[in-house]
Amino acid sequence: MKARHKRLGIVIVALAALGLATFLVLNALEGNLSYFFSPTEVADGKAPANHIFRLGGLVEAGSVTREEGSLTVNFVVTDMAKSITVAYSGILPDLFAEGQGVIAQGRLGPDNVFVAEEVLAKHDET
Numbered sequence: 001m002k003a004r005h006k007r008l009g010i011v012i013v014a015l016a017a018l019g020l021a022t023f024l025v026l027n028a029l030e031g032n033l034s035y036f037f038s039p040t041e042v043a044d045g046k047a048p049a050n051h052i053f054r055l056g057g058l059v060e061a062g063s064v065t066r067e068e069g070s071l072t073v074n075f076v077v078t079d080m081a082k083s084i085t086v087a088y089s090g091i092l093p094d095l096f097a098e099g100q101g102v103i104a105q106g107r108l109g110p111d112n113v114f115v116a117e118e119v120l121a122k123h124d125e126t
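Heads up, the sequence shown is in the numbering used here, so the first residue is 1 and it goes up one at a time.
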């Protein structure tokens, strides 16, 4: 019986360690998760308030405006149903163009302008 109790104790400790490791990994990943939303989902209020998320769609033709003397760029991202204005300060990727796919990571401001911290351009797959 003593060997059986010893094995049971080892199994319980191993399961507890596995549970703790799983909890720590999931907890660490939670802080790094960035959810993806379309402009329609953002316009419908499905995006989290005051949290970083990704916005994806096409850059609307004729919507790119640059502020004189700065790196700030404003453009509109659309999914052909609804559109969201994006403000970004930084250097845009070389593939960034009107009518092309884009993924912006940032937060939705109080004025419903998406303030991007990072902009990624998607290349045309044709």
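Cβ coordinates follow ideal geometry from the N, Cα and C atoms, glycine included.
Leaving aside the five residues before and after residue i along the sequence, list all residues of the same chain whose C-beta is less than 7 Å from its C-beta, in chain order.
i, result
"I52", "S34, Q105, G106 and R107"
"G109", "V115"
So, for residue i: in the same chain, excluding its five sequence neighbours on each side, which residues have a beta-carbon less than 6 Å away from its beta-carbon?
i, result
"N74", "T65 and A87"
"T72", "S89"
"V113", "T85 and A87"
List the residues that DSSP assigns as beta-bridge partners of residue i.
i, result
"Y86", "In the sequence as presented, Tyr is not what sits at residue 86; that position holds Val. DSSP output for V86 lists F75 and F114 as bridge partner(s)."
"Q105", "R54 and E118"
"F36", "R54"
"V59", "V77"
Return the first residue and the last residue of the alpha helix (DSSP H) that residue i is part of.
i, result
"K6", "K2 to E30"
"P39", "P39 to A43"
Thinking just about the alpha-carbon of each residue, which of the options is nearest to the one in residue i?
i, options, result
"V102", "R4, E67 and T78", "T78"
"E60", "P93, A97, L26 and T40", "A97"
"L92", "K46, K6, E117 and L15", "E117"
"Q100", "D111, H123 and V119", "H123"
Would you tell me roughly how many angstroms separate the C-alpha atoms of residue i and residue j, rounded to the nearest one?
i, j, result
"L20", "A121", "39 Å"
"P39", "L95", "21 Å"
"V76", "D44", "16 Å"
"L49", "L29", "Per the sequence shown, residue 49 should be read as Ala rather than Leu. If I take the Cα positions, the gap works out to 20 Å."
"A81", "L8", "59 Å"
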